[in-house]
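Numbering (the working numbering), first residue to last: 1 to 131.
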């Protein structure tokens, strides 16, 4: 039980840090240094880029959680997927958020399966091949 909770906490923190750092790099790559710059709407290509970053963060978070909890614990991956999906939905649909609703819904729908793929598909498939 404790190992599962630690795995969820570390996976959540890893996914959040990866998403924030990668999003910041994507912002700098597309806008340059945005301090003091005029605001503009996000392009469709940038939205796709941020969606890819969110998917990658979910996969990495699932992979980290699975490595900590081990192959016989599925509930931490399920719980991490639900928590990350809920955080994504609440964060990107907040009244002050300027993200399109369709983007938030797509990200929320993709996060739980991506956590599962990161934990079950990638992590343990690679370990099974090495045996």
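Idealized CB from N, CA, C, for every residue including glycine.
8 Å Cβ cutoff met for residue i and residue j
i           : j           : result
residue 61  : residue 84  : yes
residue 115 : residue 58  : yes
residue 107 : residue 12  : no
residue 113 : residue 4   : no
residue 86  : residue 104 : no
residue 2   : residue 55  : no
residue 50  : residue 24  : no
Where residue i falls, given that 16 or more other Cβ within 10 Å makes a residue buried
i           : result
residue 102 : exposed
residue 82  : exposed
residue 18  : buried
residue 44  : exposed
residue 90  : exposed
residue 48  : exposed
Residue range of the alpha helix (DSSP H) that includes residue i
i          : result
residue 99 : Careful: residue 99 lies outside any alpha helix (DSSP H) and carries neither H nor E.
residue 17 : 2-31
residue 43 : Looking at the DSSP string, residue 43 is not in any alpha helix (DSSP H), and its letter there is neither H nor E.
residue 85 : 75-92
Cut-off 7 Å between Cβ atoms - residues of its own chain near residue i, not counting five sequence neighbours on either side
i           : result
residue 30  : 46
residue 14  : 60, 61, 64
residue 119 : 62, 63, 65, 66, 77
Chain-order list of residues whose beta-carbon lies under 6 Å from that of residue i (same chain, five-residue window excluded)
i          : result
residue 7  : 65, 68, 69, 76
residue 94 : none
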